[in-house]
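Colleague: So that we are looking at the same thing, I have put the structure below in structure tokens.
There are 2 protein chains.
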Amino acid sequence: MQKNEQRISLAVSTVIFALRPIPESGQSALWIPLVRRTREPFARQWALPGGWAGNDESLTDAAARNLLATTALEPAYLEQLYAFGDVERSVSSRVVSIIYWALVRQEEAERATENENVRWFAADNLPELAFDHNVIIDYALWRLRTKMEYSRIARAFLGETFTLSELRLVHEAVLQRQLDPANFRRQIENSGSLVPTDYVVSGGRHRPPRLYRYDEGVELVDNGPLGHKKTGSTRVID
Amino acid sequence: MQKNEQRISLAVSTVIFALRPIPESGQSALWIPLVRRTREPFARQWALPGGWAGNDESLTDAAARNLLATTALEPAYLEQLYAFGDVERSVSSRVVSIIYWALVRQEEAERATENENVRWFAADNLPELAFDHNVIIDYALWRLRTKMEYSRIARAFLGETFTLSELRLVHEAVLQRQLDPANFRRQIENSGSLVPTDYVVSGGRHRPPRLYRYDEGVELVDNGPLGHKKTGSTRVID
DNA sequence: TCAAAAGTGTTCATTCTACACCCATGG
DNA sequence: CCATGGGTGTAGAATGAACACTTTTGA
Chain A
1 MQKNEQRISL AVSTVIFALR PIPESGQSAL WIPLVRRTRE PFARQWALPG GWAGNDESLT
61 DAAARNLLAT TALEPAYLEQ LYAFGDVERS VSSRVVSIIY WALVRQEEAE RATENENVRW
121 FAADNLPELA FDHNVIIDYA LWRLRTKMEY SRIARAFLGE TFTLSELRLV HEAVLQRQLD
181 PANFRRQIEN SGSLVPTDYV VSGGRHRPPR LYRYDEGVEL VDNGPLGHKK TGSTRVID
Chain B
1 MQKNEQRISL AVSTVIFALR PIPESGQSAL WIPLVRRTRE PFARQWALPG GWAGNDESLT
61 DAAARNLLAT TALEPAYLEQ LYAFGDVERS VSSRVVSIIY WALVRQEEAE RATENENVRW
121 FAADNLPELA FDHNVIIDYA LWRLRTKMEY SRIARAFLGE TFTLSELRLV HEAVLQRQLD
181 PANFRRQIEN SGSLVPTDYV VSGGRHRPPR LYRYDEGVEL VDNGPLGHKK TGSTRVID
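Chains as they are written, first to last, in UniProt numbering: chain A, 1 to 238; chain B, 1 to 238.
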């Protein structure tokens, strides 16, 4: 097969997660911004934000660009999720979609322009979405929760320094269950990824908690396969 | 951006794993078939087998088709690994590659046509490959070894029934370390994924081992994100 | 001095690991 | 009867969950 015979369009979409309080309970939970489709198929239904991949940008850059264009958000974390390439049935043209998932901090999330065509939804209470986007979001949720337990992505929801309570609340919001503060502390301390700072937070009606930060030398950005071990430059694949 | 402005070609390549004995030690280890490139860039260097994605086939189908065409192999397991989409620098045209990884049984692996342009290499002793293919294979190895510990993919290297020794040897070959037979047995038994058959293997100069098989209702085929929970139909993504 | 969250200690259950030991077969 | 791998038992270490208890602050 000659490659110039190909008639495949390449799209990029992103599942964006942010922590926001649930109106009723006030507890933090995962929220996702969705955009309303303007064209068929699934016109006027909610869908993941995305767009076409440009000729001169990497897939990751395309994801970041589309994410900024559709929701005005710049994520603290961005990682590829999966490439969907089944032959499209509903439309004549063939589309392959690369799905990313992203985490944004709370302050950043508030910058998201919410309007008639962009709205935040609680991740565990979504409407019927366009295409298979419900399934994709379930998968992204599974990845986020799984990765939460062995990596340091909780960092993407926090500032430079934070208390152990704040970190625990992030974990609780993502995993949707309470964690024992004592055991959580030991777990984190034993992992060796945090270093205590010399500062504490005063003002609460209780003992002031110490501020921590992640140790150096650990970048948050996901390099994909090239980053799972310390390898050097990123190159392109045939 | 209009999608008809896109000039991106879509390629599919596969990291194929099979277990074969190492000539010197006789121990089983992971081997990978590679193909010699006929064109620039990296002409005459070894690379992952692959080809272009067809307009009317899913990405998985494209991977299986190219795999059969280049190595004559039909894998027992096939799963998407990662989509590489950096802007190509060495060649003028833009290529996005979807990489798959596959497992083939030993009998099947022997069918692979080995010639001047297709050869098997021990996975932990590879030459310098074209593009970033060394890094990609490292990542595929990591995925295989990680997944070995929580899923049932070892099955892809075995026949319908097998002894616990055979299963353990698969694990040892993949993980590259010895496993305690007693503890391995209990671990597997407690996982509840195996059922003993009524048959044993006689002929050895020792107590005849029992044959086991995987329990029903668990398909080996990987459905990707759509398969991580029991969800229904596969649809296409925008 | 009291409430509340920070932080420490301890106990119990579960799991992992190493290894001793018996079993069944072919030679 | 012996060598060999199949298969079982068990003691100690490591890990994790549950929870009592002490500490330090603001009010």
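We put the CB at the ideal spot given by N, CA and C, even for glycine.
For the candidate residues B:Val15, B:Asp138 and B:Leu19, whose alpha-carbon lies nearest to that of alanine 64 (chain B)?
Modeller: Counting from 1 along the second sequence, the entry for residue 64 (chain B) is found at position 64. Cα-wise, what sits closest to alanine 64 (chain B) is B:Val15.
Colleague: Which residues bound the beta strand (DSSP E) around phenylalanine 17 (chain A)?
Modeller: By 1-based counting over the first sequence, the position of residue 17 (chain A) is 17. Residues 8-21.
Colleague: Distance, Cα to Cα, valine 174 (chain B) vs arginine 207 (chain A)?
Modeller: Taking the first residue of the second sequence as 1, we reach residue 174 (chain B) at position 174. Taking the first residue of the first sequence as 1, we reach residue 207 (chain A) at position 207. Those two C-alpha atoms are separated by around 51 Å.
Colleague: Just tell me which of B:Trp142, B:Arg168, B:Gln176 and B:Leu158 has its CA closest to the CA of arginine 185 (chain B).
Modeller: If you number the second sequence from 1, residue 185 (chain B) lands on position 185. If we check each option's Cα against that of arginine 185 (chain B), B:Arg168 comes out closest.
Colleague: Report yes or no: is there a C-beta of chain B within less than 9 Å of the C-beta of serine 151 (chain A)?
Modeller: Counting from one through the first sequence, the residue named residue 151 (chain A) turns up at place 151. Answer no: the Cβ-Cβ gap between serine 151 (chain A) and chain B never drops below 9 Å.
Colleague: Between the Cα of tyrosine 214 (chain A) and the Cα atoms of A:Gln176, A:Ala112 and A:Arg152, which residue gives the shortest distance?
Modeller: The residue you call residue 214 (chain A) lines up with position 214 of the first sequence. Of A:Gln176, A:Ala112 and A:Arg152, the smallest CA-CA separation from tyrosine 214 (chain A) is found for A:Arg152.
Colleague: Can arginine 155 (chain A) be considered in contact with the ligand FMN, in the sense that its beta carbon sits closer than 8 Å to one or more heavy atoms?
Modeller: Only the bare structure without any ligand can be found here, which leaves the ligand FMN out of the picture.
Colleague: Which residue comes first and which comes last in the beta strand (DSSP E) that contains valine 96 (chain A)?
Modeller: For the purposes of this step, residue 96 (chain A) is identified with residue 96 of the first sequence, where counting begins at 1. Element bounds for valine 96 (chain A): 94-104.
Colleague: Take the Cβ of leucine 68 (chain B) as the centre, count every other Cβ of all protein chains shown within 10 Å, and call the residue buried at 16 or more, exposed below.
Modeller: Within the second sequence, residue 68 (chain B) is the residue found at index 68, counting from 1. Exposed, because fewer than 16 other Cβ atoms sit within 10 Å of the Cβ of leucine 68 (chain B).
Colleague: Would you give the residue range spanned by the beta strand (DSSP E) that leucine 126 (chain B) belongs to?
Modeller: Within the second sequence, the letter at position 126 stands for residue 126 (chain B). Note, leucine 126 (chain B): premise wrong, no beta strand (DSSP E); not H, not E.
Colleague: Could you say which of B:Ala154, B:Phe84, B:Thr163 and B:Gly159 lies nearest to histidine 171 (chain B) if we only look at CA atoms?
Modeller: Looking up residue 171 (chain B) in the second sequence gives position 171. The option with the nearest alpha carbon to histidine 171 (chain B) is B:Ala154.
Colleague: Counting only Cβ pairs nearer than 9 Å, list the residues of chain A close to leucine 59 (chain B).
Modeller: On the second sequence, position 59 is the one that residue 59 (chain B) refers to. Those within 9 Å of leucine 59 (chain B) in chain A are Ala83, Phe84, Gly85, Asp86 and Val96.
Colleague: Rounded to whole angstroms, what is the Cα-Cα separation between tyrosine 139 (chain A) and glutamate 160 (chain B)?
Modeller: Here residue 139 (chain A) corresponds to residue number 139 of the first sequence, with the count starting at 1. Here residue 160 (chain B) corresponds to residue number 160 of the second sequence, with the count starting at 1. Answer to the nearest angstrom: the Cα atoms are 31 Å apart.
Colleague: Alanine 112 (chain A) by DSSP, collapsed to three states: which one?
Modeller: Here residue 112 (chain A) is taken as the residue at index 112 of the first sequence, counted from 1. Annotated three-state conformation of alanine 112 (chain A) is coil, per DSSP.
Colleague: Among the residues of its own chain, which have a CB less than 6 Å from the CB of valine 96 (chain A), if the five just before and after it don't count?
Modeller: Working through the first sequence from its first residue, we reach residue 96 (chain A) at position 96. The residues are Ile8, Leu10 and Gly85.
Colleague: Could you tell me which residues DSSP puts in a beta bridge with proline 41 (chain B)?
Modeller: On the second sequence, position 41 is the one that residue 41 (chain B) refers to. Within the DSSP bridge table, the entry for proline 41 (chain B) names no partner.
Colleague: Residues bridged to glycine 51 (chain A) by DSSP?
Modeller: To locate residue 51 (chain A), count along the first sequence from 1; it is residue 51. Paired residues: A:Val12.
Colleague: Using alpha carbons as the reference points, say which of B:Val104, B:Ser13 and B:Arg39 lies closest to alanine 53 (chain B).
Modeller: Within the second sequence, the letter at position 53 stands for residue 53 (chain B). When only C-alpha atoms are compared, the closest one is B:Ser13.
Colleague: Return helix, strand or coil for valine 35 (chain A), following the three-state DSSP convention.
Modeller: Translated into positions along the first sequence, residue 35 (chain A) becomes position 35. Note: valine 35 (chain A) maps to strand in three-state DSSP.
Colleague: In the structure shown, what three-state DSSP assignment does asparagine 83 (chain A) receive?
Modeller: Within the first sequence, residue 83 (chain A) is the residue found at index 83, counting from 1. As written in the sequence, residue 83 (chain A) is alanine, which differs from the asparagine given in the question. In the three-state scheme derived from DSSP, where H, G and I count as helix and E and B as strand, alanine 83 (chain A) is classed as strand.
Colleague: Measure from the C-beta of tryptophan 52 (chain B) to each C-beta in chain A and report whether the shortest distance is under 9 Å.
Modeller: Within the second sequence, the letter at position 52 stands for residue 52 (chain B). Yes, because at least one Cβ of chain A sits closer than 9 Å to the Cβ of tryptophan 52 (chain B).
Colleague: Keeping to the same chain, check which residues put their C-beta closer than 7 Å to that of glutamate 74 (chain A); ignore five residues upstream and five downstream.
Modeller: Along the first sequence, read from residue 1 onward, the residue named residue 74 (chain A) stands at position 74. So the qualifying residues of the chain are Leu68 and Glu108.
Colleague: Kindly indicate if chain B contains any beta-carbon less than 9 Å away from that of aspartate 138 (chain A).
Modeller: Indexing the first sequence from 1 puts residue 138 (chain A) at position 138. Closer than 9 Å: yes.
Colleague: Can you check DSSP and say which residues form a bridge with phenylalanine 162 (chain A)?
Modeller: Taking the first sequence and counting its residues from 1, the one referred to as residue 162 (chain A) is at position 162. Phenylalanine 162 (chain A) pairs with A:Tyr212.
Colleague: At which residues does the beta strand (DSSP E) containing tyrosine 150 (chain A) begin and terminate?
Modeller: Translated into positions along the first sequence, residue 150 (chain A) becomes position 150. Taken as a continuous stretch (DSSP letters only), tyrosine 150 (chain A) belongs to no beta strand (DSSP E), as it is neither H nor E.
Colleague: So, are the CB atoms of isoleucine 32 (chain A) and tyrosine 82 (chain A) less than 9 Å apart?
Modeller: As a position in the first sequence, residue 32 (chain A) is number 32, starting the count at 1. As a position in the first sequence, residue 82 (chain A) is number 82, starting the count at 1. The answer is no: Cβ separation not under 9 Å.
Colleague: Below 8 Å on the Cβ atoms is my guess for leucine 179 (chain A) versus glutamate 166 (chain A); work out the distance and round it to an integer in Å.
Modeller: The residue you call residue 179 (chain A) lines up with position 179 of the first sequence. The residue you call residue 166 (chain A) lines up with position 166 of the first sequence. About 13 Å separates the two Cβ atoms, so there is no contact after all.
Colleague: In angstroms, rounded to a whole number, what distance separates the CA positions of proline 181 (chain B) and leucine 194 (chain B)?
Modeller: Working through the second sequence from its first residue, we reach residue 181 (chain B) at position 181. Working through the second sequence from its first residue, we reach residue 194 (chain B) at position 194. Rounded to the nearest angstrom, the two C-alpha atoms are 16 Å apart.
Colleague: Taking 9 Å as the CB-CB cut-off, is arginine 235 (chain A) touching chain B?
Modeller: Residue numbering aside, residue 235 (chain A) sits at position 235 when the first sequence is read from its first letter. With a pLDDT of 28 at arginine 235 (chain A), under the threshold of 50, the modelled position of this residue cannot be trusted; read the value that follows with caution. Yes - at least one Cβ of chain B is within 9 Å of the one on arginine 235 (chain A).
Colleague: Would isoleucine 188 (chain B) pass as a contact of leucine 211 (chain B) if the rule is Cβ separation under 9 Å?
Modeller: For the purposes of this step, residue 188 (chain B) is taken as residue 188 along the second sequence, with counting starting at 1. For the purposes of this step, residue 211 (chain B) is taken as residue 211 along the second sequence, with counting starting at 1. No, these two residues do not count as a Cβ contact at 9 Å.
Colleague: Check the Cβ of leucine 10 (chain B) against every Cβ in chain A and list those closer than 9 Å, keeping chain order.
Modeller: Position 10 of the second sequence, counted from the start, is the residue given in the question as residue 10 (chain B). Neighbours of leucine 10 (chain B) on chain A, chain order: Lys3, Gln6, Ile8, Leu10, Gly85 and Val96.
Colleague: Taking its Cβ as the centre, do 16 or more other Cβ atoms sit within 10 Å of asparagine 66 (chain A), making it buried, or is it exposed?
Modeller: Counting from 1 along the first sequence, the entry for residue 66 (chain A) is found at position 66. Per the 10 Å Cβ criterion, buried.
Colleague: Alpha carbon to alpha carbon, how far is leucine 141 (chain A) from leucine 144 (chain B)? Give it in angstroms, no decimals.
Modeller: Walking along the second sequence from the start, residue 144 (chain B) turns up at place 144. Walking along the first sequence from the start, residue 141 (chain A) turns up at place 141. For leucine 144 (chain B) and leucine 141 (chain A), the distance between alpha carbons rounds to 22 Å.
Colleague: Can you tell me whether proline 225 (chain A) is helix, strand or coil according to DSSP?
Modeller: Position 225 of the first sequence, counted from the first residue, corresponds to residue 225 (chain A). DSSP places proline 225 (chain A) in helix when its eight states are reduced to three.
Colleague: Counting only beta-carbon atoms, is valine 118 (chain A) nearer than 9 Å to chain B?
Modeller: If you number the first sequence from 1, residue 118 (chain A) lands on position 118. It does not: the Cβ of valine 118 (chain A) has no partner Cβ on chain B nearer than 9 Å.
Colleague: Verify the CB distance criterion: does valine 135 (chain A) have a CB-CB separation below 9 Å to chain B?
Modeller: Residue 135 (chain A) sits at position 135 when you count from the first residue of the first sequence. Answer yes: the Cβ-Cβ gap between valine 135 (chain A) and chain B drops below 9 Å somewhere.
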